[in-house]
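Read in order, the letters of the sequence shown correspond to residues 186 to 539 in the numbering used here.
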Amino acid sequence: MIIGPSDENSPSPDGVAPLFSRYLRPRYDVEVRFNNGIWEQLPVLTGRQDEALKDMTHVKILFPQVEQKIPVDIPIPTINSLPESSKEANISISGESYPGTKVEIYVNGIKQKEAKTGSDGIFIDNIVLSRGENIIQARAVDPAGRVSEFSAERKVVLENVPQPPILDIPKSPTKYPIINVSGRAEPGSIITLTIYNENTAETTKVTDIRANEEGIFSSQVYLLEGVNVITAEAIYSDGTKSLPSSPIRVILDTIPPIISDMYPAEGEVINTTTPLISARVYDEGSGPVYFAIKLDGVSRPVTYDSKNNIMFYQVTSPLAPGPHTMAFYVKDAAGNSTRVPQTGEYVFYVESGN
């Protein structure tokens with residue numbers, strides 16, 4: 186028989202499919218063991234010999250060792266093509282570097298982002314452009330701290346269109362009157378935040394907020410009770426003023442829910458052993474989102490009827506005659522909570538003889 190060729194579509198001379206088709210290569214070392222227990226090189230036979238290997242019990246293929254070479258120099262990253270011009274300050278950037286390296290992205294000589302390559306060596310991130318020409322480069326830093334040379338330059342011109350800032354959406358609703366508002370704008374621009382309260386029609390401003398080298402800005406903002414609409418405007422280095430940003434709405438709710446009409450009430454004597462325990466919930470702010478009823482020290486499953494603002498629990502296992510303890514708890518979407526009673530549990534009674 187003949188060992189090879191590696192492509193089974195190329196038949197052996199005698200028409201018999203080759204042994205180990207597609208697996209053997211010329212540099213592989215193949216050994217076999219026969220019934221005598223001795224390993225030897227696989228014999229090379231020509232012609233058709235159907236019983237040549239009938240006493241073979243084991244086959245061993247020895248693959249050549251592959252020498253792994255660690256690069257001495259860190260490969261220079263490549264940046265995929267970018268548009269020559271853009272009307273948007275925020276653009277996506279991607280490229281390729283050595284897998285597992287950190288890629289530093291520079292815009293006009295200032296490091297703006299750090300991206301991480303995956304196992305395929307690809308990196309993707311977003312950058313903020315300044316108006317006019319932007320020169321974009323990247324360099325790689327491997328886990329050992331070795332730094333590559335800078336990549337070839339990519340140039341993108343941000344057209345002279347005043348770009349409104351982009352505001353990050355803070356948590357809403359909130360019970361805290363002071364929150365941090367952040368966003369992105371052209372690096373070095375001066376930001377003004379405007380806060381309009383829909384409930385009171387009052388307007389306040391926070392001024393002189395500077396976007397850093399990465400175009401990020403943040404400032405504390407004081408909210409009023411109710412709905413606060415926040416917008417941002419930027420003044421650029423040449424004095425140009427942007428349009429207002431898209432508004433964000435933040436609800437300030439500092440008023441906790443009200444629990445009333447509890448049944449059974451404190452000290453009440455009831456004549457049923459399976460009462461429908463209930464209470465009315467009122468919250469004009471962010472709305473209730475969490476309910477709890479504790480009966481005899483154990484939390485019970487609660488159902489909330491939002492149409493009638495009633496929370497309730499149906500007792501199914503009859504209560505023993507005598508005293509029982511009760512507590513109600515409600516929390517709204519802003520995080521305000523109410524507990525009745527404020528601590529512990531109040532007592533009601535099941536009449537004996539029921």
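Even glycine gets a Cβ: it sits at the ideal position worked out from N, Cα and C.
The beta carbon of P432 lies closer than 7 Å to those of V414, I415 and T416 in the same chain, with the five residues before and after it left out. When C-beta atoms of the segment 458–469 are compared with those of the segment 336–356, fewer than three pairs fall below 8 Å, so the two segments do not count as touching. Under DSSP, P473 takes part in a beta bridge, and its partners are D517. An exposed status is given to T388, since fewer than 16 other beta-carbon atoms sit within 10 Å of its beta-carbon.
As computed with DSSP, A323 is found in a beta bridge with I290. If you draw a straight line from the Cα of S491 to the Cα of A518, it is about 14 Å long. Here V342 has E269, S270, S271, G317, E318 and N319 as same chain residues with Cβ atoms under 8 Å from its own Cβ, once five neighbours each way along the sequence are excluded.
For P429, the secondary structure class from DSSP, reduced to helix, strand or coil, is coil.
With a 10 Å radius around the Cβ and a threshold of 16 neighbouring Cβ atoms, Y467 comes out exposed. For the 8 Å CB-CB criterion, F513 and A450 do not form a contact. Between K390 and Q405, the alpha-carbon positions lie close to 11 Å from each other. Across the structure, E216 and P284 are spaced so that their CA atoms are roughly 38 Å apart. Cβ contact annotation for L480 (same chain, cutoff 8 Å, sequence separation greater than five): I462, Y498, V500, H509, T510 and M511, in chain order. Of the residues P506, Y361 and Q527, the one whose Cα lies closest to the Cα of S537 is P506.
The shortest CA-to-CA distance from E469 to any of P358, T302, I312 and L247 is the one to P358.
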